[in-house]
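Okay, so here's the structure we're looking at.
Residue numbers (the numbering used here): -11 to 84.
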């Protein structure tokens, strides 16, 4: 039994050291992404509202579960109805 505890301690220390090294080498701009209370759905809504490029907005919304952005369904629907004629005419690469 004591051998199992020794292995457990060693693995715990190794994991903590690995985690520490990871945070030392990560780009500082991304550290905040590990410590946020923002849900995935809220992030999708924020991303959709902040982006100006139609292709990026479409990717942020339509490549994810509808439940994540159902709170802004009417906003997305209005955006699509407003831009649909333009997309049909211009045929952007993402609108395939």
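Glycine included, C-beta positions come from ideal geometry on N, C-alpha and C.
Review point. Taking just the CA atoms, how far does residue 63 sit from residue 70?
Key: Taking the chain shown and counting its residues from 1, the one referred to as residue 70 is at position 82. Taking the chain shown and counting its residues from 1, the one referred to as residue 63 is at position 75. Looking at the two C-alpha atoms, the distance is approximately 11 Å.
**Study point:** residue 35 beta carbon less than 8 Å from that of residue 46
**Key:** As a first step, residue 46 is located in the chain shown; it is residue number 58 there, counting from the start. As a first step, residue 35 is located in the chain shown; it is residue number 47 there, counting from the start. Going by C-beta atoms, residue 46 is not nearer than 8 Å to residue 35.
Point to revise | For residue -6, three-class secondary structure by DSSP | key: The count along the chain shown starts at 1 and reaches residue -6 at position 6. DSSP, read as helix, strand or coil, puts residue -6 in helix.
Check your understanding: Any heavy atom of the ligand GDP closer than 7 Å to the Cβ of residue 34?
Key -> Among the ligands in the structure shown, none appear at all, so the ligand GDP cannot be discussed.
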